[in-house]
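Asks: Here it is, the structure in full.
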Amino acid sequence: MQGWFDKVKAKITGKPANNKPALVTSVATDYEVNLVPDVKIQMIKAQKMRNLVLFICIVVAAVSVGVVVVLFGIKSGQDIAMANQDSRLEKMSVKMNDYAEIEDLVTIQRQLEKISELSGDKPVLSRVFGAMAVVLPQGDDVVQLSELRVDLENDELRMDGQADAKTAPLIDYRVLESLKKGMALTKYDYGRFVDAEGNEIPTWCINEADGNGSPYRDGEDYYVWWNLTADGCNAIEAGTEEKADDAEDVTLRYNPNSETESQDVETTESPEGETTEGESETKNKVTRVKIWRTPKFDAWHKAGYMELNGSISGIEHFVSACTQYSGTMQGSTAKWTSTNDCLLAPDGLTVTSSTNGRDESDNLVLKFSAITSFDPEFFAFRNKHMIAIGPMGQNVTDSYVQVGGMFTQEAKECAEGDTECLTTKTGADEDSNSNSNNEKKEEM
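Quick note: to get my numbering, add 39 to the position in the sequence shown (first position is 1).
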């Protein structure tokens, strides 16, 4: 009985009977008793939160270390690349500095800010033909060139040619003397055309020559046409201050009240609005205005456009950079003078060699080589409307030059046994620039 009781007690209390381990059995129940205090629950939650925060910090630290490593690698790579580029640039710099024409190929600092100045310094080599056209002797004495070289670096002009006196003695050094003196006296002139208010007229608006290339002239006086219909040239209506449809910033530049010849204009008729009766009304529109290059002294002075000190206003005219005008009253009329200090070749022409020869027609001529130093301003692109003025007052604009008769085939030296060629006198005195009849200096 006691044994049975002990077993029942052991089952109820869970303690083994007679201090022996009791067998654990599971008893299904629908109830669960929570024996953990609330403080313990809060501590467990705090530990979970701490662990989560610690995990996040570890992840962030790991990512940060990775980023630092990556950035360090990039920085190291950039340093290496920049060191390589510096070394390459240094080698290229040494190589480029050793290149003789580096200044012509590399845009230096602040050079773009001076693009207009650099463009203005560009040479216009075609002007050399205008200069030679007025320098070469005119009339019976003929000088033709077989070669013409322009040395812009040293501002020198070198030429080879032949002189033909046409009359006995056919070989005459006097012709070369005429060429030398003519070169020393040759001048040039340039400037700008302005309107009646003194505003500069763009170069592309000025027509200096006709369709055949011949300069506009009336006797010895040159003139140009101001083309008002070209883009940006300010086409205006005659006698009004109104703008044309395609004009910008136009002011009155044609004086309709002027009666002087310099104010000649060409007009066209165009419909303009309607009258009150509905009839079409037309107005004359100025298409171009004639502007004289040389002042019309007496006419302009009487009209009040030109003062005795040479100043001009109230009329379209040419503003010269080299020529100054002045006048003095002699009774009721004014006597005008002009001064030009722009010499093409201030040091004149030096003949470096000369010898007898025959041209392509087998005529006797004097072969020669010569050199001169020219004023670089004559060839500068910034100097517009350039004109060469010869010693006799003849001039040639840079818009047209007849060069057809200026050049010829190089003359041949006297052949052996050509007595006439070898013995013909040059007609020159003993001069350091001339040779004896059968001798020739070495050309420079």
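Cβ coordinates follow ideal geometry from the N, Cα and C atoms, glycine included.
1) List the residues that DSSP assigns as beta-bridge partners of valine 28.
2) Just grab the DSSP bridge partners of phenylalanine 357 for me.
3) Between which two residues does the beta strand (DSSP E) holding tryptophan 375 run?
4) Are the CB atoms of arginine 231 and valine 358 nearer to each other than 8 Å?
5) Can you check DSSP and say which residues form a bridge with arginine 197?
6) Please tell me whether leucine 187 and alanine 202 are closer than 8 Å, where the distance is taken between their beta carbons.
7) Which residue from Met198, Val404, Leu218 puts its Cα closest to that of threonine 463?
8) Could you give the DSSP three-state label for glutamate 459: helix, strand or coil?
9) In whole angstroms, what separates the C-alpha of methionine 334 from that of histidine 356?
10) Let me know if glutamate 247 comes out buried or exposed under the rule of 16 or more other beta-carbons within 10 Å of its beta-carbon.
11) Considering only C-alpha positions, which residue in the set Gln183, Asn348, Ala235, Ile97 is nearest to phenylalanine 446?
12) Can you tell which of Ile210, Cys244, Asn123 has its C-alpha closest to the C-alpha of lysine 329?
13) Do the stretch 393 to 401 and the stretch 188 to 198 make contact, defined as three or more Cβ pairs closer than 8 Å?
14) Go to alanine 427, then tell me how far its beta strand (DSSP E) extends in each direction, as first and last residue.
15) Go to asparagine 90, then tell me how far its beta strand (DSSP E) extends in each direction, as first and last residue.
16) Straight-line CA distance for methionine 198 to aspartate 179?
17) Need the endpoints of the alpha helix (DSSP H) that glycine 366 sits in, please.
18) Using CA coordinates, which residue listed in Met171, Ala427, Arg421 is at the minimum distance from serine 155?
19) Going by DSSP, what residues sit across from arginine 166 in a beta bridge?
20) Return no unless some Cβ of chain C is closer than 8 Å to the Cβ of tyrosine 255.
21) Rank Lys451, Val163, Val173, Ala100 by C-alpha distance to the C-alpha of isoleucine 428 and give the top, closest one.
22) Quick one: measure Cβ to Cβ for leucine 218 and leucine 388, integer angstroms, because I've assumed they're closer than 8 Å.
23) Please classify threonine 242 as buried or exposed, where buried requires at least 16 other C-beta atoms within 10 Å of its C-beta.
24) Whose CA, out of Asp211, Tyr255, Met82, lies closest to the CA of lysine 406?
25) From which residue to which residue does the beta strand (DSSP E) around serine 253 run?
26) Is the beta carbon of glycine 349 sitting closer than 8 Å to the one on serine 371?
27) Which term fits asparagine 251, buried or exposed, when burial requires 16 or more other beta carbons within 10 angstroms of its beta carbon?
28) Mind reading off the beta-carbon distance from serine 185 to glycine 200? Whole number of angstroms is fine, and I expect it under 8 Å.
29) Taking the alpha helix (DSSP H) that serine 217 belongs to, which residues open and close that run?
30) Rounding to the nearest angstrom, what Cα-Cα distance links methionine 345 and arginine 332 in this structure?
31) Quick check on this structure: which residue in Met431, Asp457, Val390, Ile426 has the alpha carbon closest to the alpha carbon of tyrosine 229?
32) Report the three-state DSSP secondary structure of glycine 159 (helix, strand or coil).
Replies: The answer reads as follows:
1) Any property of residue 28 remains undetermined from this structure, which presents the chain solely from 40 to 483.
2) If you number the sequence shown from 1, residue 357 lands on position 318. Bridge partners of phenylalanine 357: Phe232.
3) For the purposes of this step, residue 375 is taken as residue 336 along the sequence shown, with counting starting at 1. 372 to 379 is the span of the beta strand (DSSP E), which, as asked, contains tryptophan 375.
4) The residue given as residue 231 occupies position 192 in the sequence shown. The residue given as residue 358 occupies position 319 in the sequence shown. Cβ atoms of arginine 231 and valine 358: closer than 8 Å.
5) Here residue 197 corresponds to residue number 158 of the sequence shown, with the count starting at 1. DSSP output for arginine 197 lists Arg188, Ile410 as bridge partner(s).
6) The residue labelled residue 187 in the question sits at position 148 within the sequence shown. The residue labelled residue 202 in the question sits at position 163 within the sequence shown. No, they are not a contact pair.
7) The sequence position of residue 463 within the sequence shown is 424, counting from 1. Comparing Cα-Cα distances from threonine 463 to each of Met198, Val404, Leu218, the minimum goes to Val404.
8) In the sequence shown, counting from the first residue as 1, residue 459 sits at position 420. Helix, per DSSP.
9) Stepping through the sequence shown from its first residue, residue 334 is reached at position 295. Stepping through the sequence shown from its first residue, residue 356 is reached at position 317. The sequence given here has proline at residue 334, not methionine. Distance between the alpha carbons of proline 334 and histidine 356: 7 Å.
10) Within the sequence shown, numbered from 1, the residue matching residue 247 stands at position 208. It counts as buried.
11) Here residue 446 refers to the residue found at position 407 of the sequence shown. Measuring from the Cα of phenylalanine 446, the nearest candidate turns out to be Gln183.
12) To locate residue 329, count along the sequence shown from 1; it is residue 290. Considering only alpha carbons, the answer is Cys244.
13) no
14) Stepping through the sequence shown from its first residue, residue 427 is reached at position 388. From DSSP, the beta strand (DSSP E) with alanine 427 extends over 426 to 428.
15) By one-based count along the sequence shown, residue 90 stands at place 51. Segment 77 to 136 is the alpha helix (DSSP H) holding asparagine 90; no beta strand (DSSP E) there.
16) Indexing the sequence shown from 1 puts residue 198 at position 159. Indexing the sequence shown from 1 puts residue 179 at position 140. Computed Cα separation, rounded: 21 Å.
17) Here residue 366 refers to the residue found at position 327 of the sequence shown. Per DSSP, glycine 366 belongs to no alpha helix (DSSP H); it is in the beta strand (DSSP E), 362 to 369.
18) Here residue 155 refers to the residue found at position 116 of the sequence shown. Ranking Met171, Ala427, Arg421 by Cα distance to serine 155 puts Arg421 first.
19) The residue labelled residue 166 in the question sits at position 127 within the sequence shown. Note: arginine 166 sits in no beta bridge, so no partner.
20) The question asks about chain C, but that chain is absent: this structure has only one protein chain.
21) Here the question's residue 428 lines up with position 389 in the sequence shown. Ranking the options by Cα distance to isoleucine 428, first place goes to Val173.
22) Residue 218 sits at position 179 when you count from the first residue of the sequence shown. Residue 388 sits at position 349 when you count from the first residue of the sequence shown. Indeed, because the Cβ distance is near 6 Å, the residues count as touching under 8 Å.
23) Numbered from its first residue, the sequence shown carries residue 242 at position 203. Flag for threonine 242 reads exposed.
24) Locating residue 406 in the sequence shown gives position 367, counting from the first residue. The candidate whose alpha carbon is nearest that of lysine 406 is Asp211.
25) To locate residue 253, count along the sequence shown from 1; it is residue 214. Note, serine 253: premise wrong, no beta strand (DSSP E); not H, not E.
26) Taking the sequence shown and counting its residues from 1, one reaches residue 349 at position 310. Taking the sequence shown and counting its residues from 1, one reaches residue 371 at position 332. Contact: no.
27) As a working mapping, residue 251 is identified with position 212 in the sequence shown. The residue is exposed, with fewer than 16 neighbouring Cβ atoms inside 10 Å.
28) Within the sequence shown, the letter at position 146 stands for residue 185. Within the sequence shown, the letter at position 161 stands for residue 200. Sure, about 6 Å apart at Cβ, within 8 Å.
29) Taking the first residue of the sequence shown as 1, we reach residue 217 at position 178. Segment 213 to 224, the alpha helix (DSSP H) holding serine 217.
30) Along the sequence shown, read from residue 1 onward, the residue named residue 345 stands at position 306. Along the sequence shown, read from residue 1 onward, the residue named residue 332 stands at position 293. Their backbone Cα atoms lie some 14 Å apart in a straight line.
31) Position 190 of the sequence shown holds residue 229. Comparing Cα-Cα distances from tyrosine 229 to each of Met431, Asp457, Val390, Ile426, the minimum goes to Ile426.
32) As a working mapping, residue 159 is identified with position 120 in the sequence shown. Note: glycine 159 maps to helix in three-state DSSP.
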